[in-house]
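One structure is given here, and the rest of the page talks about it.
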Amino acid sequence: MRDLIAALSLSNLCFIASWRAMLYPPFNGYLIHEQPDHVAFAALMLDVLLLAALMWTPIPFIRRWKDGRTTSFARWTFLAVTLIALNGVRIQFHALSVPGLIEVVNKKVLSLLLVMVFGASVFVLVRWSNRVINAACMVIAVLTPFVFVTFSQAMWVCLKDYATVAPAESRPLAVRKHAERPATRVVWIVFDELDYRTTFATRPAAIELPELDRLQREAIVATDAYPPAEQTLLSMPALITGKYVSAAQTVGPDELMITFAGTSQPIRWSMLPNIFSQIRASGGGTAVIGWYHPYCRVIGDDLTRCFSQATSTEVDWRNLSISGAMLVHTQSLISIVPLAQHVPYIYKKRHAQRYLRLHEQATEAVADTNLSLVMVHYSVPHHPYIYDRRADDFTFGPDGNYLDNLELVDRTLGEIRRAMELASVWDDTVVVVSADHAWRVYNWSRQSLWTKEEEAVTKSEADKRVPFMLKLKRQRESTTYDSAFNTVLSHDLLLSILHGEVFAPSDVTAWLDHHRSTGESAY
521 MRDLIAALSL SNLCFIASWR AMLYPPFNGY LIHEQPDHVA FAALMLDVLL LAALMWTPIP
581 FIRRWKDGRT TSFARWTFLA VTLIALNGVR IQFHALSVPG LIEVVNKKVL SLLLVMVFGA
641 SVFVLVRWSN RVINAACMVI AVLTPFVFVT FSQAMWVCLK DYATVAPAES RPLAVRKHAE
701 RPATRVVWIV FDELDYRTTF ATRPAAIELP ELDRLQREAI VATDAYPPAE QTLLSMPALI
761 TGKYVSAAQT VGPDELMITF AGTSQPIRWS MLPNIFSQIR ASGGGTAVIG WYHPYCRVIG
821 DDLTRCFSQA TSTEVDWRNL SISGAMLVHT QSLISIVPLA QHVPYIYKKR HAQRYLRLHE
881 QATEAVADTN LSLVMVHYSV PHHPYIYDRR ADDFTFGPDG NYLDNLELVD RTLGEIRRAM
941 ELASVWDDTV VVVSADHAWR VYNWSRQSLW TKEEEAVTKS EADKRVPFML KLKRQRESTT
1001 YDSAFNTVLS HDLLLSILHG EVFAPSDVTA WLDHHRSTGE SAY
């Protein structure tokens, strides 16, 4: 019985990543679009029991044989699995993860420290192997109550109607007052982490962006535009409300408390007026197709069409059978193995699938003539890097970098344009292409996935500018705008265009000259 309990405790610990993600989701469930249901929890309990059975089954035979080599192999295997499981516990804490440690010390120092720790660990194992194995047994015994904690919570979920997180479209979408074609349509495309410097200013010769270049030749092009914030959590609410957001706190699956610059009182984002609610007030149709933020849950009642996608690590639980959910949980075991978490196949494939679903929705929405404003918030070129620019196709392997996803941005824009041209709406639509924030080189250059090609392009120096291209209706020539401004002005500028107050490129530049007050944001 003691062996069985130990096997169950160790097995449960191996699935620590799954338990944490399901029982204690980050950001209060705000970023989760598909909350795990009773099937997902039942599958996880079955996985734990199955792995425990596999661990326990050979133990009686090993004890009966009393073979020295077999016993020694079993003890060392137990120690290895225990250390891997404890590594899974470690990486649940950001401060103890490799990215978290890199924030404290640079990669070279960390590498040296890891080598020293590894060497010391080998010495201790060789010198006092029996003591270490006995200590591992004690750790597993101490953590046995964790089985009761996880299983009791999982069984509670299975026994009750689980509705902690509402479906992605829980807020009823707005109903159009009439179906007349709007006099002016705007398609506002926000690419996540699209960088001005790399895209235009100092683009590497090997990177080809024909669609972005084509749009640049027939649009108002800003050379010194800055985003409202350096984080998507802050920047997108700022763009949508037209005000700087200094802080944001998730308080549930369908609410974000935001604090505007110069104030101290957090306000519910869902209760605030925004560019979509103002258009809805005048009877216009609105749409958001986006990732990261659960737009449909938060501001869905200001929209006549909505589609939101999760981050790349989330699983579509509600579309899985119990066997499929068991397989997903089993895949999570990879994340606790040292270095194996860098195997990108699983999360890259999920990210690509979500991109494709979002892109399909976007190509439909931008061609819908009943919509006055369509915002598309794309997940690229943000990591993970799912595109191989040399093969001109998606990839789920370990290679790839920001520059590959940059060419995916170009391909995406081209497909959006062709969808609009096919619907005969491109010429009569105002198109804006920008970003929520620039390429955060200061962050990615400290990660293990940073490549020599990226280093050669950036020299690890950040440039906080973002692209900002605005094509007016039937515009054919380019106009350059060189003065610094912040794209938080997009809210007011687009409303002025939709209200018929701004018509020509000269109107746009004059409007920006009059309203711009700052460039780089403090947030």
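The opening position of the sequence shown corresponds to residue 521 in this note's numbering, with each subsequent residue numbered one higher.
The beta-carbon is built from N, C-alpha and C at its ideal position, and this holds for glycine as well.
- The three-state secondary structure of G549, taken from DSSP, is helix.
- A contact is defined here as three or more CB-CB pairs under 8 Å, and the segment 1021-1029 fails this definition with respect to the segment 777-785.
- Beta-carbon to beta-carbon, D983 and Y716 are separated by about 7 Å, close enough to satisfy the 8 Å threshold.
- Around the CB of P578, fewer than 16 other CB atoms lie within 10 Å, so the residue is classed as exposed.
- Comparing C-alpha distances from S1016 to each of L876, Q851, S1003 and A1030 shows the shortest one belongs to A1030.
- In the three-state reduction of the DSSP assignment, I906 falls in the coil class.
- Shown here, P1025 sits in a helix according to DSSP, grouped into three states.
- Under the three-state reduction of DSSP, E775 is assigned to strand.
- Of the candidates S1041, S1003 and L1009, S1003 places its Cα closest to the Cα of A742.
- In the three-state scheme derived from DSSP, where H, G and I count as helix and E and B as strand, K868 is classed as helix.
- Inclusion of K993 and V950 in the CB contact set at 9 Å is warranted, their separation being smaller than that value.
- The beta carbon of F916 is closer than 6 Å to those of Y865, K868 and K869 in its chain, skipping five residues each way along the sequence.
- The Cβ-Cβ distance between A526 and C657 falls below 9 Å.
- Only exposed fits R589, as fewer than 16 other CB atoms lie within 10 angstroms of its CB.
- Taking 9 Å as the cut-off, the beta carbon of I856 is found no closer than this to the beta carbon of I660.
- Contact between A939 and P987 does not hold, since the beta-carbon distance rounds to 21 Å and is not under 8 Å.
- For the pair Q769 and P786, the CB atoms are nearer than the 9 Å cut-off.
- Under DSSP, I740 takes part in a beta bridge, and its partners are L990 and T999.
- In terms of CA proximity to V808, Q881 leads the group P1025, L633 and Q881.
- Excluding its 5 nearest sequence neighbours in each direction, D930 has C-beta neighbours in its own chain below 7 Å: L729, P730, E731 and L732, listed in chain order.
- Between T722 and E974, the alpha-carbon positions lie close to 13 Å from each other.
- Annotation: the continuous alpha helix (DSSP H) that includes S649 extends over S649 to V662.
- Between the beta-carbon of T1007 and that of A745 there is about 5 Å, and that keeps the pair under the 8 Å contact cut.
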